[in-house]
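Take a look at the structure set out below.
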Amino acid sequence: MVTLAAQRENDPIGRIERIVQVISEPHFGSLHFIASPAQFGMDLNNTQVEGELVQAQPYQSCSTLENTHETSGRIVVVQRGNCMFQDKARFAQNAGAIGVIVADHQIGSSVDHSPVFAMSADNNIPDDIEIPVMFLFHKESQKLLNQKMKFPTMKVRLAEKVANPGFLFENYLKYGEYARRTPEAIANAMISIDASQEVIRFNFRFAYVNAQSSAEEKQMIVETNMQDLTKFVAFSTAQDMAKFLNHARRLAYSLLGYTTTNSQDDMENLKVLIPKIHLLYPQKHQILTLDLDPEHELLHKTTSMICNFRSGKKYSCYPL
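Under UniProt numbering, read the sequence shown as residues 1 to 320, first letter to last.
Below, the structure is given as structure tokens:
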């Protein structure tokens, strides 16, 4: 990420511009704003992120967000000031945000008469921001938020370039949604989902527990993984979360030597849950399974299970 930061600092202004584009009706991409990138987080070269817009509470996002029920799976607007850009992004990311727009607090500032810049990163700490972060000057951010007031379910697109409004409108007519040309894969430390939403990968941390361990040790480590999983995924209902954890629990026990199997009905039910998943990005000190290994020798040692739901094949899960 340091290399990327250096590259962005040396790029001409025209090359570091990013775009915030309103893709929902009635605009369908005709309204967009020039944004500044960050020297941290996801690089949007050749990719994009789309989602509904929500304002952080507290707005400056310098502490834990209070409206996590709204921010999960959405693009969060935060206000500049009082803490580092990375801190704002981290609090939003921990609240389940898929992207961050930093709004300038300097009244009247505008991209029309202010140079585009790259938000600085603290190179003394690892870059743990995995979502895209952009900056809008005051005038542009207020226009965006005014549109949000008029259209509460407004969707925006964070990208390198403007998408063709004609294409966005055509997709809306065809599919009734603001479809992307190609969907993106999503992942965090415990869950990976492919772009087609037909393959999901679970990454468990079993530390010193294996198939030869006692039943009590297996139960302890599986339930600890389930507690961790609730910090990495979110659902809109507690019922869906409970169903997902039951599926994950069976898979974890099977990796530890138990003969637990998923029926095709179980697999169908798991497949239905995948599009409902919102990925979260907790900080390392919140991950319970890491406490079982104080020396962090097992930090990157995971045991994975992949479940495949591709059409034309029998649904199955298998260890990696």
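The beta-carbon is built from N, C-alpha and C at its ideal position, and this holds for glycine as well.
The beta carbon of residue 198 lies closer than 6 Å to those of 309 and 310 in the same chain, with the five residues before and after it left out. The DSSP-derived three-state label of residue 238 is helix. Taken through DSSP and simplified to helix, strand or coil, residue 146 comes out as helix. With fewer than 16 neighbouring CB atoms inside 10 Å of its own CB, residue 149 falls in the exposed class.
Between residue 74 and residue 51, the C-beta spacing is below 7 Å.
The beta-carbon separation of residue 44 and residue 160, rounded to 5 Å, stays under the 8 Å limit for a contact.
Measuring C-alpha to C-alpha distances from residue 33 to each of 20, 59, 227 and 135 identifies 20 as the nearest. For a cut-off of 8 Å, the C-beta gap from residue 303 to residue 206 is around 6 Å, short enough to register as a contact.
Between the alpha carbons of residue 99 and residue 71 lies a distance of about 10 Å.
Judged by DSSP secondary structure, residue 162 falls outside any alpha helix (DSSP H); it is assigned neither H nor E. For residue 103, no alpha helix (DSSP H) segment is defined; the enclosing uninterrupted segment is the beta strand (DSSP E) at 99-103. Bridge pairing for residue 39: absent [DSSP]. With at least 16 other beta carbons inside 10 angstroms of its own, residue 168 counts as buried. For residue 135, the secondary structure class from DSSP, reduced to helix, strand or coil, is strand. Under the DSSP definition of a beta bridge, residue 48 partners with 159. Cβ-Cβ distances below 6 Å link residue 203 to 190, 302 and 304 in the same chain, with the five nearest sequence neighbours on each side left out; the list follows chain order. Between residue 23 and residue 201, the gap from beta carbon to beta carbon reaches 7 Å or more. When the beta-carbon positions are compared, residue 253 and residue 222 come within less than 7 Å of each other.
Taking a cut-off of 8 Å on C-beta distances, the region 261-273 does not touch the region 101-121, as fewer than three cross pairs fall below it.
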